[in-house]
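Notes follow once the structure below has been shown.
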Ligand code: RIB
Ligand code: CA
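Numbering (the numbering used here), first residue to last: 18 to 368.
In structure tokens, the structure reads:
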């Protein structure tokens with residue numbers, strides 16, 4: 018499985034990269050950075066440092082969009098720290114980002130992989146700006162990738178930055194609308210499932226006791242545990258981005274439902290909401306037009322909106338959260354044979 022990750026590397030993005038490095042069969046071909054939890058330049062530095070710690074110092078990291086398609090970037094220092102990785106003392110990366118912008122890297126790597134007969138999986142764990150820019154640069158991109166796994170949205174649950182909006186989608190709704198409605202296979206890993214994947218502080222202590230990369234992951238996660246205490250009522254945090262990374266590797270770990278979805282671009286209270294058509298009879302093949310019946314609503318989902326076209330996504334609607342979290346912790350403690358992390362150790366890349 019060849020993956021190109023696009024991240025606003027904060028704490029859970031870092032955990033997602035560490036997860037991928039520990040998993041056999043996950044080949045990270047590149048990473049893009051994007052505004053979100055922190056500035057795009059900082060996110061790139063964070064990715065570089067995590068990758069170096071995982072023995073993946075040769076994976077190219079490209080800096081991406083500094084701001085959303087509309088408006089200004091807003092960072093999440095309160096949740097991820099000023100440096101995006103919990104403000105623990107750390108040396109920073111040895112390497113530098115590539116010269117190439119992230120959207121250009123994405124198009125180039127996707128084209129190469131498609132022509133080699135092994136199309137990429139795109140994994141977006143931050144705002145969708147780079148993916149949207151890549152689609153605008155090269156519409157053929159939709160036929161070159163296997164699927165696009167997006168951590169974002171809230172379908173049947175409340176939002177986490179707005180009443181109905183999730184942080185990654187709300188940070189660039191216009192970009193998310195472009196990505197969700199493009200003719201490619203989008204798998205949406207929303208708060209509906211990520212809020213079921215809760216890492217308890219006892220598990221973080223297990224990581225801390227192990228030393229090495231797991232202990233470093235435990236150290237950067239402390240601030241996330243602090244902040245989520247107010248939300249969850251205990252010292253624990255959701256594994257938003259690691260769950261999306263796991264779905265990129267093995268979609269069968271979640272229950273998927275095909276749903277018409279639009280991203281709300283207006284709305285006094287709802288900008289950035291992911292509106293899914295859950296109505297009985299909604300037909301994904303027609304973008305959510307409800308098949309007419311005597312007692313059925315017949316209003317199609319936003320078919321009249323020129324702003325936000327309907328997309329049809331495979332939405333993750335259920336997961337065995339505790340089983341996933343145990344798998345995640347075990348993998349960080351014991352990377353799989355053949356994983357990049359073990360290969361990196363052999364190559365002396367690990368700190
Ligand atoms: O809503 C969760 C998402 O927002 C995660 O990707 C997290 O890293 C933050 O950016
Ligand atoms: Ca993220």
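Virtual Cβ for every residue (Gly too), placed ideally from N, Cα, C. In this text, all values refer to a predicted model and were calculated from it rather than measured experimentally.
Go ahead and label residue 325 buried or exposed: buried means 16 or more other beta carbons lie within 10 angstroms of its beta carbon, across all protein chains shown.
Label assigned to residue 325: buried.
Whole-angstrom distance between residue 74 and residue 373, CA atom to CA atom
No answer is possible for residue 373: the residues shown for the chain start at 18 and end at 368.
Return the chain-ordered list of same chain residues with a C-beta closer than 7 Å to the C-beta of residue 376, the five sequence neighbours on each side being excluded.
Residue 376 is absent from the structure shown; the chain starts at 18 and stops at 368.
Within a Cβ cutoff of 6 Å, which residues of the same chain sit near residue 292, ignoring the five residues on either side of it in sequence?
For residue 292, where only same-chain residues beyond five positions count, the Cβ hits under 6 Å are 279 and 281.
Listed in chain order, which residues are found with a beta carbon closer than 7 Å to a heavy atom of ligand 2?
24, 25, 27, 29, 30, 53, 54, 142, 143, 168, 185, 257 and 258
Per DSSP, which one or two residues make a beta bridge with residue 24?
Listed as beta-bridge partners of residue 24 by DSSP are 50.
Residues near residue 103 by beta carbon distance below 8 Å, same chain, minus five either side:
28, 97, 236, 237, 238, 239, 240 and 241
Going by other Cβ atoms of all chains shown within 10 Å of its Cβ, with 16 needed for buried, is residue 286 buried or exposed?
exposed
Can you give me the Cβ contacts of residue 101 inside the same chain, cut-off strictly under 7 Å, excluding the 5 residues immediately before and after it?
Shown here for residue 101: same chain residues with a beta carbon closer than 7 Å to its own, the five before and five after excluded, namely 26, 27, 54, 55, 59, 60 and 63 in chain order.
Below 6 Å, is the gap between the Cβ of residue 183 and the nearest heavy atom of ligand 1?
yes
Less than 7 Å separating the beta-carbons of residue 110 and residue 155?
no
Suppose only complete runs of 4+ residues qualify. What are the alpha helix (DSSP H) ranges in the region 326-352, listed by chain order?
338-350
What do you reckon, are the CB atoms on residue 149 and residue 137 nearer than 7 Å?
No, the Cβ-Cβ distance between residue 149 and residue 137 is not below 7 Å.
Should residue 189 be labelled buried (16 or more other beta-carbon atoms within 10 Å of its own) or exposed?
buried
From residue 244 to residue 38, what does the alpha carbon distance come to, in whole angstroms?
26 Å
Quick one: using the 10 Å Cβ neighbour count with 16 as the cut-off for buried, is residue 319 buried or exposed?
Since pLDDT at residue 319 reaches only 46, below the 50 mark, its modelled position is unreliable, and no value is offered.
Alpha-carbon to alpha-carbon, residue 259 and residue 92:
For residue 92 and residue 259, the distance between alpha carbons rounds to 20 Å.
Residue 321 in three-state terms, based on DSSP
Summary for residue 321: the model assigns pLDDT 42, below 50, so the residue's position carries little reliability, and this model does not support an answer.
Note the first and the last residue of the continuous alpha helix (DSSP H) segment covering residue 244.
229-249
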